[in-house]
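Taking the UniProt record's numbering, the leading residue of the sequence shown gets 1, the next gets one more, and so forth. Built from N, CA and C at the ideal position, the CB exists for glycine as well. Everything below concerns the one structure shown next.
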Amino acid sequence: MTQTTELSLRQRVDDWLASFEAALRARDVPAAAALFAPACFWRDLVAFTWNITTVEGRDGVADLLTSTLETTGPSGFELTEEPTEAGDVIDAWFRFETATGRGAGHLRLTSEGAWTLLTTLRELKGFEENQGERRPQGVEHSLARGRKSWKEKRDEEAATLGLTEQPYVVVIGGGQGGIALGARLRQLGVPALVIDKNARPGDQWRGRYKSLCLHDPVWYDHLPYLPFPANWPVFSPKDKIGDWLEMYTRVMEVPYWTSSTVRSARFEDGRWSVVVERAAGTVELTPAHVVFATGMSGKPNWPTFAGQDVFRGEQQHSSGHPGPEAYGGKKVVVVGSNNSAFDICGALWEHGADVTMVQRSSTHIVKSASLMDIGLGDLYSERAVASGVTTDKADMIFASIPYRIMHEFQIPLYERMAERDADFYARLEKAGFRHDWGADGSGLFMKYLRRGSGYYIDVGAADLVADGRVKLAHGQVDRLTEDAVVLEDGTELPADLVVYATGYGSMNGWVADLVDAPTAAKVGKVWGLGSDTPKDPGPWEGEQRNMWKPTQQENLWFHGGNLHQSRHYSLYLALQLKARYEGLPTPVYRLQESHHTG
Ligand SMILES: Cc1cc2nc3c(=O)[nH]c(=O)nc-3n(C[C@H](O)[C@H](O)[C@H](O)COP(=O)(O)OP(=O)(O)OC[C@H]3O[C@@H](n4cnc5c(N)ncnc54)[C@H](O)[C@@H]3O)c2cc1C
């Protein structure tokens, strides 16, 4: 009985893939589009579109194919594992080829046709990475005069790249994003240089407040090629992740300039001129491509309030908060009520400070244990690993859900969390904390993808607010006096220290700083989906704006996000850069439009 069902599932998917391939081979766009359900989504990561894009409906499918089919030349669609079925939906994994590369895909098939299709480019033909069977020898087993050792070659490269030899790509910013991309470009043989103003790779994490540990679990955080060992803690302390990044940079042989600050970048006649300040002097680099990996949580939002100049205590943005040690017994006002605010309030309270949190708008809180179990457990956990969901598979499952309907997958998870932690939410509410579940009840990931803010993963500090050990005030800040923060309703909060946990600006702000304001405006806002929910203005984009894909500024790219995104999407960005480096045609379908300046 089971076997019959499995056979018929397989047969149904095989039939669909064969019909799809036949229609594509015949360049019969209407026939291919008709294989999709009327309400359908096709998400393509670089394989067909040389872009990261999602089309909707049969018209969208037809439009994508009309523009891309001829140059893509797809073929070889073939199941890679047994399909499974849940309700009316069959889930299937497949491989395929294009004229230039090999891809992996995922299909959700219903009785109406394809509901969701994911196609991803995994490697370029003729430019496969040297892995497994193709791993490098590491040594030449023949003697020759003048033969250079690995170290001599590395030293020579360090002495020439960026000085007498120009990199093809300059990655501005060597945090986790720049490092992961640098590793991928290295493996693909693209001459690239990662540049960071800090003294050591990993310093961006080391420099954050002392109590910080990653909010995401280890299974979510692996870097490309080199997973964390099995005894790595679930939540990595920030200095430990800093050390890992430093080690990773070295062993992955990422060309990386430390203590080097990019001062400006200008694009002229098809090449960039990037001015870098280093201890030894100023260097001008002339790469073809520049990637901004300067961090979506790197450009602090410093709010401006009357009286900031007369306040006699200290003022810090959360990114510059040194930790709680110096503030035992002091009065501290933390403006903001998201992750950083809670982490900082918690650590200050532990060190005996008298802490008040100012909540300006509602926050979504989810208990870490519930998020790990219900929100992430099926994909990124020991449980997931045991059931065969590798990190790569988890990334692909996540990628297979179109953003337009992702909230529908998320809402039930957060309903379960609300039920499980009902007492906790009741206590928070009783304490006057304004809590939300996201605009449509879809919780943390959707808030992250839409606006990158507005939440706290509770690792204990919410209880301090719930029971009043950290005091809570509400409203907007009106002004500072010599020794207090005054809210719009006149509430006066005495303070020796004010911490602005007020978040970070859009990444195109970095473009305004380093290139110029018109280029930043041309590129437009970075991040967000256009969901028309708070802080994510429409129109609907279907993908994260400007991330990992061509932008309105030729040869300018953005990379970053959390470790999961940095790991997964660095592959697609690296392949796009590699293809250009090798001179392969890369016709971009539906170039990112710019609707918001920032
Ligand atoms: C408090 C906090 C907690 C977080 N927790 C998690 C978590 O648990 N898991 C997770 O995945 N993400 C987390 N994030 C989000 C995000 O993953 C991190 O912000 C991460 O550091 C982003 O990596 P990145 O490489 O994109 O940017 P960054 O780490 O910010 O790196 C950018 C780099 O660019 C460099 N740079 C900037 N301008 C220049 C210039 N002009 N010249 C040279 N160098 C320059 C900086 O020195 C910096 O090293 C957290 C963020 C914050 C703020």
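Annotation: the continuous alpha helix (DSSP H) that includes Thr519 extends over Ala517 to Val523. Considering only Gln315, Gly388 and Ala47, the residue with the shortest C-alpha distance to Trp302 is Gln315. DSSP places Val465 inside the alpha helix (DSSP H), whose first and last residues are Ala461 to Ala466.
Contact annotation: Gly432 and Leu493 have beta-carbon atoms that are not nearer than 7 Å. Between Thr71 and the set Gly105, Arg108, Trp219 and Arg25, the nearest pair of CA atoms involves Arg25. Taking a contact as a CB-CB distance under 8 Å, the pair Trp42 and Val61 counts as one, their CB atoms being some 5 Å apart.
Here the distance from the Cβ of His321 to the nearest heavy atom of ligand 1 is not below 6 Å. Annotation: the continuous alpha helix (DSSP H) that includes Lys578 extends over Leu563 to Tyr581.
With a contact defined as Cβ atoms closer than 8 Å, Leu413 and Leu121 miss out at about 30 Å. For Asp354, the enclosing beta strand (DSSP E) has its first and last residue at Asp354 to Gln359.
Nearest neighbour of Arg200 by Cα position, chosen from Thr261, Lys151, Asp216 and Gly189, turns out to be Thr261.
Gly76 has no beta-bridge partner at all, per DSSP.
The DSSP assignment places complete alpha helix (DSSP H) segments of no fewer than 4 residues inside the region 238 to 271 at 238 to 251, in order along the chain.
In the DSSP annotation of this structure, the continuous segment of the alpha helix (DSSP H) that includes Ile344 starts and ends at Asn339 to Glu350. Relative to ligand 1, Lys148 has its C-beta separated by 6 Å or more from all heavy atoms. Tyr425 carries a helical assignment under DSSP once its states are collapsed to helix, strand and coil. Secondary structure note for Lys151: its alpha helix (DSSP H) is the uninterrupted segment Trp150 to Thr160. Counting only runs of at least 4 residues, the region 167 to 210 fully encloses the following alpha helix (DSSP H) elements, listed from N- to C-terminal order: 176 to 187 and 203 to 206. Taking a contact to require three or more Cβ pairs closer than 8 Å, the region 559 to 576 and the region 288 to 296 qualify as touching. Taking a contact as a CB-CB distance under 8 Å, the pair Pro287 and Val169 counts as one, their CB atoms being some 6 Å apart. Contact check for Val310 and Glu415: beta-carbon distance about 48 Å, past the 8 Å limit, so the pair fails to qualify. DSSP places Gln316 in the uninterrupted beta strand (DSSP E) bounded by Glu314 to His317. Runs of the alpha helix (DSSP H) lying entirely within the region 492 to 554 and spanning at least 4 residues, in chain order: 508 to 514 and 517 to 523.
Residue Val218 holds the alpha-carbon nearest to the alpha-carbon of Arg567 among Val218, His351, Arg27 and Trp510. If the five residues before and after Ser264 are omitted, its C-beta is found closer than 7 Å to the C-beta atoms of Val275 and Leu514, all from its own chain and listed in chain order.
Excluding its 5 nearest sequence neighbours in each direction, Ile411 has C-beta neighbours in its own chain below 6 Å: Gly441 and Ser442, listed in chain order. Secondary structure remark: continuous alpha helix (DSSP H) runs of at least 4 residues inside the region 43 to 119, in chain order: 57 to 72.
Following the DSSP letters along the chain, one finds Leu556 in no alpha helix (DSSP H) but inside the beta strand (DSSP E) bounded by residues Leu556 to Phe558. If you check the CB distance, Lys447 and His364 come in under 7 Å. Cβ-Cβ distances below 6 Å link Met372 to Pro217 in the same chain, with the five nearest sequence neighbours on each side left out; the list follows chain order. The C-beta separation of Lys331 from Ala461 comes to about 18 Å, leaving the pair out of contact by the 8 Å criterion. Taking 6 Å as the cut-off, one finds no heavy atom of ligand 1 near enough to the beta carbon of Ser506.
Non-local C-beta neighbours of Thr391 in its own chain, meaning closer than 6 Å and more than five positions away in sequence, comprise His222, ordered along the chain. Taking the CA atoms as reference points, Asn231 sits about 17 Å from Ala384. Taking C-beta atoms as the reference points, Val334 and Ala341 count as a pair closer than 7 Å. Each of Ser111, Arg147, Cys40 and Phe127 was checked against the Cα of Ile405, and the nearest Cα belongs to Cys40.
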